[in-house]
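One structure is given below, encoded as structure tokens.
Residue numbers (the UniProt record's numbering), protein chains in the order written: chain H, 1 to 251; chain A, 1 to 321.
Put into structure tokens, the structure is as follows:
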């Protein structure tokens, strides 16, 4: 059974890629959405209260982290749809590797997120954003972002398996906004009321955003530790929970 | 039964914890190799739960369940190698095309890329879907979707095929398509377990039928045996004048206790054995007695009547009346 784990996972990943080929518009919309947010916050809303230096250098890493956080709802929608359509029943009644359904989901979502980062950084570059920290630090920053996304992915899978209903997806879709904005992605916590600033600094997303800012800006490795530990902690909780939930579909 | 492909002994399944409802309540079932077995029952009888347990999607709380010589809990993988499943809802990827679906499932059965492709083409041809091209399944008609679903469950020529209400929601043409596909399979030696709400469907397809109610098998036999059990055909007579119901009931060629009377609808109903003789006999007797009938009809027992009869609820209704 395990000998097929890789091929089955690959088949399931290909399934997701085939969906992309079927819905190119959807794929583009998903990639353009973070760009839209970047432009909106960079130019229309004109935030960045208390930010020293260029706002784009502050904002872009924040938007990268925010995009990873918003990935949660994409994962949750996809898993919920699958569960409600009966095709997962067929997968589960077949002699295939059990986890391949979830692995395929993960691989496709990670790939989508990597693409989103690439597009967002491309647009950022055009707007004058530069990564000054050197290639090693840059890759480290991308690694932190993807690690954070990976944690969001498993939270998304778990929520989909727990809630399992399209109505719940809507609730999560609404909730990711305040949670995403309760971070330092767009503005400095120092400029907020004390209590709010504290909440914001504790948000795992803030740790990732700050660490990415430091690495990309060449201003040290502060918060990198926290940006590694937080996602790993979340994974330690939600990965086993999601896997157990999936196995318990047969209860 | 020595050559049993499906063995279910005392299967129990309860949903939703301690106070949940018993979906299966000590169900027993045996299906001989190479036969079609119908599981007939109303909504909520436990039919789908049974199929989900047999196809390893659900674990029974207790009892022994074996499919093709393997235990569905301890040897789920071995069972999965040998079964095909057609669930109540189309279990295919709606975004993809028919060929894409079958190729994907073929790969997941580990046929290898080329073999999966060849098999997909064969099945599309066989189920009349060869000209669907790249059209996504969500644009298929109900009947086409069902046929693709059936094709997907036959990729490996399974030893045992489970069909959970295969024609529910289909129009008559879609139903006939699925029926003929099922019939052609049986020739190949596949063992089929089929659930249905339709007496007629079980009658058309199944060698033996188990009637299920409240998670148990309450009757078991061939279609003819079951029909004999429920009294076979019935004759319904609607009178113009409710006042003559008593007089008309005495004219029917059956013992008075077997005639059910519904004054509100001015309706008499009774089981009959020889359809045509009963019909002409009743028409003549009513005419001679000068009782005017609005409608006289012969009909097969409905599923309701089968259940009322088998569960003994009919008696309770009569007593209450």
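Using N, Cα and C, we set each Cβ at its ideal position, and we do this for glycine too.
Note that this is a predicted model, so its numbers are computed, not measured.
On the three-state DSSP scale, how would you describe residue i?
i                      : result
residue 70 of chain A  : strand
residue 249 of chain A : helix
residue 37 of chain A  : strand
residue 238 of chain A : strand
residue 119 of chain H : helix
residue 127 of chain A : coil
residue 155 of chain A : coil
residue 200 of chain A : helix
residue 23 of chain A  : strand
residue 6 of chain A   : strand
residue 228 of chain H : helix
residue 198 of chain H : helix
residue 155 of chain H : helix
residue 165 of chain A : coil
residue 226 of chain A : helix
residue 314 of chain A : Residue placement at residue 314 of chain A is poorly supported in this model, since its pLDDT is 46, which falls under 50; the coordinates still yield a value, given next. In this structure, residue 314 of chain A counts as helix in the three-state DSSP scheme.
residue 294 of chain A : strand
residue 56 of chain H  : helix
residue 135 of chain A : coil
residue 92 of chain A  : coil
Compare the C-beta of residue i with all C-beta atoms of chain H and state if any pair is closer than 8 Å.
i                      : result
residue 140 of chain A : no
residue 322 of chain A : No information on residue 322 of chain A is available, as it lies outside the stretch 1 to 321 that chain A covers here.
residue 169 of chain A : no
residue 314 of chain A : With a pLDDT of 46 at residue 314 of chain A, under the threshold of 50, the predicted position of this residue should be treated as unreliable, and no value is reported.
residue 56 of chain A  : yes
residue 90 of chain A  : yes
residue 41 of chain A  : no
residue 83 of chain A  : yes
residue 152 of chain A : yes
residue 144 of chain A : no
residue 96 of chain A  : yes
residue 108 of chain A : yes
For residue i, does the count of other Cβ atoms within 10 angstroms reach 16, so buried, or fall short, so exposed?
i                      : result
residue 115 of chain A : exposed
residue 190 of chain A : buried
residue 6 of chain A   : buried
residue 131 of chain H : buried
residue 45 of chain H  : exposed
residue 230 of chain H : buried
residue 40 of chain H  : exposed
residue 43 of chain A  : exposed
residue 183 of chain A : exposed
residue 178 of chain H : exposed
residue 28 of chain H  : exposed
residue 199 of chain A : buried
residue 183 of chain H : buried
Please report whether the beta-carbon of residue i lies at a distance below 8 Å from any beta-carbon of chain A.
i                      : result
residue 149 of chain H : no
residue 92 of chain H  : yes
residue 85 of chain H  : yes
residue 244 of chain H : no
residue 75 of chain H  : no
residue 166 of chain H : no
residue 18 of chain H  : yes
residue 106 of chain H : no
residue 9 of chain H   : no
residue 89 of chain H  : yes
residue 251 of chain H : yes
Short check: CB of residue i to CB of residue j, under 8 Å?
i                      : j                      : result
residue 62 of chain A  : residue 10 of chain A  : yes
residue 38 of chain A  : residue 161 of chain A : no
residue 205 of chain H : residue 5 of chain H   : no
residue 138 of chain H : residue 36 of chain H  : no
residue 75 of chain H  : residue 116 of chain H : no
residue 53 of chain A  : residue 158 of chain A : no
residue 72 of chain H  : residue 155 of chain H : yes
residue 86 of chain H  : residue 90 of chain A  : yes
residue 119 of chain H : residue 31 of chain H  : yes
residue 291 of chain A : residue 252 of chain A : no
residue 41 of chain A  : residue 220 of chain A : no
residue 227 of chain H : residue 208 of chain H : yes
residue 92 of chain A  : residue 50 of chain A  : no
Any heavy atom of the ligand SAM within a distance shorter than 7 Å of the CB on residue i?
i                     : result
residue 23 of chain A : As far as ligands go, the structure on display features none, and thus does not contain the ligand SAM.
Check your understanding: Below 8 Å, can you find three or more Cβ-Cβ pairs linking the region 150-168 of chain A to the region 177-193 of chain A?
Key -> yes
**Study point:** Stretch pair the region 138-156 of chain A + the region 66-73 of chain A: three plus CB contacts closer than 8 Å
**Key:** With the rule of 3 Cβ pairs closer than 8 Å, the region 138-156 of chain A does not count as touching the region 66-73 of chain A.
Point to revise | Segment contact, 8 Å Cβ cut-off, at least three pairs: the region 103-112 of chain A with the region 94-101 of chain H | key: Yes, since at least three Cβ pairs between the region 103-112 of chain A and the region 94-101 of chain H fall closer than 8 Å, the two stretches touch.
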